[in-house]
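The structure appears right after this line, and notes come after that.
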Amino acid sequence: MAQFINKREDVVTEAIDGLLALSGGALTRLDGYPHIRVVKRSDWDKSRVAIVSGGGSGHEPAHVGFVGEGMLTAAVCGDVFASPSVDAVLAGILAVTGPAGCLLIVKNYTGDRLNFGLAAERARAFGLNVSMVIVGDDIALPDLPQARGVAGTLFVHKIAGALAERGADLETVTAAARRVIAGTHSIGMSLDTCRVPGSPKEDRIPEGKAELGLGIHGEAGVEQIDFAGARPSVATMAERLAAVMGEGPHVALINNLGGTSELEMSVLAHDLLGSSIGGKIAHAIGPAPLMTSLDMQGFSISVFAADAAELELLKAPVSIAAWPGVSEVRPIAVAALPDGLTPITPMRSEHRATREFLINCCNVLIAAEQDLNALDAKSGDGDTGSTLAGAARALINAIDRLPLSDHTQLLRAIGQELSQTMGGSSGVLLAIFFAAAGDGASSGLPMREALRAGLARMQEIGGASIGDRTMVDALSPALDALGENIAAAANAARKGANFTATLTRAKAGRAAYINAKQLEGHVDPGAEAVARLFEHLAS
Numbered sequence: 005m006a007q008f009i010n011k012r013e014d015v016v017t018e019a020i021d022g023l024l025a026l027s028g029g030a031l032t033r034l035d036g037y038p039h040i041r042v043v044k045r046s047d048w049d050k051s052r053v054a055i056v057s058g059g060g061s062g063h064e065p066a067h068v069g070f071v072g073e074g075m076l077t078a079a080v081c082g083d084v085f086a087s088p089s090v091d092a093v094l095a096g097i098l099a100v101t102g103p104a105g106c107l108l109i110v111k112n113y114t115g116d117r118l119n120f121g122l123a124a125e126r127a128r129a130f131g132l133n134v135s136m137v138i139v140g141d142d143i144a145l146p147d148l149p150q151a152r153g154v155a156g157t158l159f160v161h162k163i164a165g166a167l168a169e170r171g172a173d174l175e176t177v178t179a180a181a182r183r184v185i186a187g188t189h190s191i192g193m194s195l196d197t198c199r200v201p202g203s204p205k206e207d208r209i210p211e212g213k214a215e216l217g218l219g220i221h222g223e224a225g226v227e228q229i230d231f232a233g234a235r236p237s238v239a240t241m242a243e244r245l246a247a248v249m250g251e252g253p254h255v256a257l258i259n260n261l262g263g264t265s266e267l268e269m270s271v272l273a274h275d276l277l278g279s280s281i282g283g284k285i286a287h288a289i290g291p292a293p294l295m296t297s298l299d300m301q302g303f304s305i306s307v308f309a310a311d312a313a314e315l316e317l318l319k320a321p322v323s324i325a326a327w328p329g330v331s332e333v334r335p336i337a338v339a340a341l342p343d344g345l346t347p348i349t350p351m352r353s354e355h356r357a358t359r360e361f362l363i364n365c366c367n368v369l370i371a372a373e374q375d376l377n378a379l380d381a382k383s384g385d386g387d388t389g390s391t392l393a394g395a396a397r398a399l400i401n402a403i404d405r406l407p408l409s410d411h412t413q414l415l416r417a418i419g420q421e422l423s424q425t426m427g428g429s430s431g432v433l434l435a436i437f438f439a440a441a442g443d444g445a446s447s448g449l450p451m452r453e454a455l456r457a458g459l460a461r462m463q464e465i466g467g468a469s470i471g472d473r474t475m476v477d478a479l480s481p482a483l484d485a486l487g488e489n490i491a492a493a494a495n496a497a498r499k500g501a502n503f504t505a506t507l508t509r510a511k512a513g514r515a516a517y518i519n520a521k522q523l524e525g526h527v528d529p530g531a532e533a534v535a536r537l538f539e540h541l542a543s
């Protein structure tokens with residue numbers, strides 16, 4: 005799959021220069037491209053302890069994205085997933101270290117330990133006071149002699165950086181960093197591996213599986229497990245974390261590994277707070293991309309039992325865009341709906357035949373969810389099936405509070421239910437349809453004419469006519485033929501739905517924004533849903 009890069013060998017230097025050009029002058033790089041890639045604070049005066057970190061690139065915003073007042077003084081960047089050279093690390097140390105000394109924060113990978121360690125020795129030979137801490141927060145592989153350093157490293161960056169900014173000496177900053185390392189635990193999970201620029205993608209994780217504990221360079225994790233959704237995934241990770249967490253409140257760092265959507269990350273945050281360790285999480289950082297693995301579709305959770313002083317250091321404000329800050333976990337606040345929007349509960353009543361009829365119709369839409377989504381993906385955003393199925397499930401859940409024996413009130417109640425539970429244009433249009441049909445029935449119209457009145461009102465507001473490639477193409481002829489019998493209505497609905505496949509131009513709905521060639525030969529999903537409903541009723 006193509007990627008937005010130019011040449012593989014230039015990707016890191018071009019990315020760094022892109023960031024520097026947009027930093028407003030806050031960041032400076034050392035000369036020495038491409039072998040030495042060091043980014044440092046432009047305002048640094050060497051009067052305080054310098055905090056230096058780095059490693060392979062591909063973990064953005066780590067590490068360059070965290071260079072700034074109150075966090076890193078400098079970041080040393082290697083090639084993608086490759087440690088920087090000894091000379092590059094030494095250049096970074098020499099560029100920012102003054103009499104107060106320098107702390108190197110190193111993730112526990114062999115290349116980083118060796119290159120940062122040797123650079124520290126050489127810097128000491130220059131007479132500089134340099135200490136080094138190694139972060140090994142990954143708990144996924146307990147049998148490893150040395151745990152890997154992953155996203156929990158950010159706790160160390162922030163606390164050590166805040167202390168250094170306040171003028172603490174090197175011994176104090178180093179001791180604080182070691183306490184944070186000892187108390188930090190992380191674990192990750194992903195549905196897919198990452199794509200290294202210029203290299204073929206490894207397809208190691210099969211469909212339907214998730215890999216637990218894989219590394220931030222795409223290294224294999226502890227096991228592949230059946231993927232059953234966000235909540236069970238978080239529960240599995242929470243179980244592993246619970247075994248190493250102490251008592252008392254913790255800070256959770258919820259890290260996007262690079263390719264997980266913001267929507268999914270918020271769901272994962274919700275499930276983490278509802279998990280077996282949720283009661284111990286008093287504060288959170290993220291969800292946000294902090295220590296990524298290129299475009300990996302995964303996430304990690306890091307926990308740290310911060311005391312009051314450490315929490316205050318984590319909360320210390322920084323003008324670094326990539327740092328999301330610390331949020332306090334609080335109960336969800338719920339405000340009452342404004343006057344006039346509180347739903348009016350209809351007088352429920354029972355009618356077995358109507359109940360069965362409605363549930364059968366809903367089940368038809370639920371069963372068609374994937375087919376309708378596939379159709380919609382060719383002419384829209386691929387969610388028509390899910391939208392209709394979600395509304396159908398909501399209607400089934402509401403069945404016991406509906407006025408089933410009073411069809412006039414039932415039509416209005418269905419409209420009200422859809423207006424609350426069904427999103428998108430389909431939701432509001434169908435809510436209008438059923439509400440207007442209920443109004444028609446209450447004025448004495450027979451059911452077929454009431455439904456036609458609902459359609460007329462829906463068309464008036466929505467603006468769709470026959471030939472515009474919408475559900476109207478199936479619904480209108482079906483209601484016209486309903487006067488004969490249900491079989492005739494089903495036949496008319498199917499003809500109308502199939503007719504939409506011959507239309508290469510939509511004049512209403514989301515398909516109106518799609519290239520005509522893309523629509524050719526594909527039935528409109530809304531019209532298909534109507535046809536399937538009538539065909540089911542006729543069967």
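Under this note's numbering, the residues of the sequence shown are numbered 5 to 543, in order. We put the CB at the ideal spot given by N, CA and C, even for glycine.
Under the rule that 16 or more other beta-carbon atoms within 10 Å means buried, what is residue i, buried or exposed?
i	result
Glu532	buried
Val338	exposed
Gln463	buried
Gln7	exposed
Thr506	exposed
Tyr517	Here the model assigns Tyr517 a pLDDT of 38, short of 50, so the residue's position is not dependable, and the following value carries that caveat. Exposed: under 16 other Cβ atoms inside 10 Å.
Lys205	exposed
His221	buried
Less than 9 Å between the C-beta atoms of residue i and residue j, yes or no?
i	j	result
Leu406	Arg352	yes
Leu628	Glu373	Residue 628 lies beyond the range of the chain shown here (5 to 543); nothing can be said about it.
Leu158	Ala309	no
Leu245	Ile289	no
Ala544	Met193	Because the chain in this structure spans residues 5 to 543, residue 544 falls outside the shown range and cannot be described.
Val238	Leu267	no
Val154	Asp83	no
Lys44	Val100	yes
Gly96	Val42	yes
Arg126	Glu223	no
Asp116	His189	no
Ala396	Leu434	no
Leu107	Leu174	yes
Gly156	Ile185	yes
Asn112	Gln150	yes
What residue range does the beta strand (DSSP E) around residue i cover?
i	result
Gly59	Ala54 to Ser61
In the structure shown, what three-state DSSP assignment does residue i receive?
i	result
Lys50	coil
Arg514	Here the model assigns Arg514 a pLDDT of 47, short of 50, so the residue's position is not dependable, and the following value carries that caveat. In the structure shown, Arg514 sits in a helix (DSSP, three-state: H, G or I).
Val43	strand
Val226	coil
Asn519	The predicted position of Asn519 is uncertain, since its pLDDT is 44 and thus under 50; no value can be drawn from it.
Arg33	strand
Ala292	strand
Leu76	strand
Val134	strand
Asp83	strand
Val200	coil
Val476	helix
Gly338	Looking at the sequence shown, residue 338 is not Gly but Val. Correct three-state label for Val338: coil.
Ser270	helix
Ile418	helix
Name the DSSP bridge partner or partners of residue i?
i	result
Pro407	Ser353
Cys366	Note: Cys366 sits in no beta bridge, so no partner.
Ser306	Ser190 and Leu257
Met300	Gly262
His287	Val255 and Glu332
Asp142	Ser190
Leu98	For Leu98, which the question treats as bridged, DSSP gives no partner whatsoever.
Ala214	Ile229
Val71	Leu76
Taking the alpha helix (DSSP H) that residue i falls in, what are its first and last residues?
i	result
Met241	Ala234 to Ala246
Ala435	Gly428 to Ser446
Val527	First-last for Val527: undefined, no H or E at that position.
Lys162	Thr157 to Glu169
Val110	Note, Val110: premise wrong, no alpha helix (DSSP H); beta strand (DSSP E) at Cys106 to Lys111.
Arg456	Met451 to Gly466
Ala495	For clarity, residue 495 is Asn in the given sequence; the question names Ala instead. Note, Asn495: alpha helix (DSSP H), Ile490 to Thr504.
Ser390	Thr388 to Asn401
Val15	Val15 to Ala25
Leu118	Thr114 to Ala129
Leu317	Ala312 to Lys319
Does the beta carbon of residue i come closer than 9 Å to any beta carbon on chain D?
i	result
Gly60	Chain labels in this structure do not include chain D; a single protein chain is all it has.
Would the beta-carbon of residue i be found less than 8 Å away from any heavy atom of the ligand MG?
i	result
Ala242	Among the ligands in the structure shown, none appear at all, so the ligand MG cannot be discussed.
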